[in-house]
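FYI, the numbering for the sequence shown is 1 to 266, going by full-length UniProt numbering. Using N, Cα and C, we set each Cβ at its ideal position, and we do this for glycine too. A short write-up of the structure that comes next.
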Amino acid sequence: MPTVKVNDISMYYEIIGEGEPLVLIEGLGYSTWMWYKQLDELSKHFKVIMFDNRGVGKTDKPDSEYSIEMMADDLAGLLRSLNIKKTHILGVSMGGFIAQQFSANYPEMVDRLILCSTSFGGPNSIPIPQETLDIMMKGGGEYKTLLDIKKAISTAFYDGKIPEDREVLDKIMTEKRQEPQPKYAYQRQLMAGASFNGEANTQKIKAETLIVAGEKDKVVPPENAHLLHERICSSKLEIIENGGHVFFMEQPDKSNEVFLNFLTQK
1 MPTVKVNDIS MYYEIIGEGE PLVLIEGLGY STWMWYKQLD ELSKHFKVIM FDNRGVGKTD
61 KPDSEYSIEM MADDLAGLLR SLNIKKTHIL GVSMGGFIAQ QFSANYPEMV DRLILCSTSF
121 GGPNSIPIPQ ETLDIMMKGG GEYKTLLDIK KAISTAFYDG KIPEDREVLD KIMTEKRQEP
181 QPKYAYQRQL MAGASFNGEA NTQKIKAETL IVAGEKDKVV PPENAHLLHE RICSSKLEII
241 ENGGHVFFME QPDKSNEVFL NFLTQK
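So, in structure tokens, the structure goes:
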């Protein structure tokens, strides 16, 4: 199992494919399996680097305060250990927070940047709807029944509905049952995201940036994508019709096309 010592943790990572490096950063409560609809296609063009954030998956889960800046530093440590000096970055949701912080703190290490289903946080962003937040606050730990998992993930999908694609639902439920995230670690990640205010970082991001949001995102309202686009100078905006928070799982062919068109354009 490939791991590397980074800051105070042992971090799990995977590398698949060859070419220019592309780092994928997961959201709250997710580990590397989140990219299973992207990996085959992206790895045809790039050296894809996936890792588990602190507090989830096969990476250490210290019961101490986490921050987005800390997780951005974790990524920097991982890349240095792999001797990667510059890379494309794709971050989703909380992974988008980490990607923004990393891009602001380590601009020389960022080539092109993709921010999905995310915001800059803080008081000037559009907040998570209360109904969604109530569900998120109960996340983490052992899921006793499949119904518990369905409730926990329902807000991530288009119009809050469980996906018609049963395979996606089965994948998420299987992974969350096989490798549950300890409740304390989930809460540590959740609080790191809740305390993030990266609005000032948007002025520091100089990389070419693609901002992508699902039109029907029930977790991070898509108006946040427009706010990011207004503040990040070299940015483009793409809204996925009938897409939820995890539009890249719901519409993988469309999503992968959007990602690759941006990353491979001359």
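Practice problem: Have a look at T155, F51, E20 and flag the residue whose alpha-carbon is nearest the alpha-carbon of E250. | Solution: T155
Quiz item: Which parts of the stretch 112-184 are runs of the alpha helix (DSSP H), unbroken and 4 residues or longer, counting only runs that do not cross its ends?
Solution: 130-136, 146-153, 166-178
Quiz item: N197 bridges to which residues according to DSSP?
Solution: G121
Quiz item: Can the beta-carbon of F51 be found less than 8 Å from the beta-carbon of M11?
Solution: yes
Quiz item: What did DSSP end up calling M109 once you bin it into helix, strand or coil?
Solution: Under the three-state reduction of DSSP output, M109 falls in the helix class.
Self-check item: Distance between K44 and E167 (C-alpha atoms, nearest Å)
Solution: Computed Cα separation, rounded: 23 Å.
Exercise. Mind listing, in chain order, the continuous alpha helix (DSSP H) runs of no fewer than 4 residues lying wholly within the stretch 22-47?
Key: 39-42
Quiz item: Which runs of the alpha helix (DSSP H) fall wholly inside the stretch 200-237 and span at least 4 residues, in chain order?
Solution: 223-231
Quiz prompt | Beta-carbon gap between L113 and I15 smaller than 8 Å | solution = Contact flag unset, no.
Quiz item: Is I98 helix, strand or coil when you go by DSSP?
Solution: helix
Quiz item: Leaving out the 5 sequence neighbours to the left and right, which residues in its chain are closer than 8 Å to T87 when beta-carbon positions are compared?
Solution: E20, P21, L22, V23, I49, L79, M109, V110, D111
Self-check item: Q265 to H229 span [Cα, whole Å]
Solution: 19 Å
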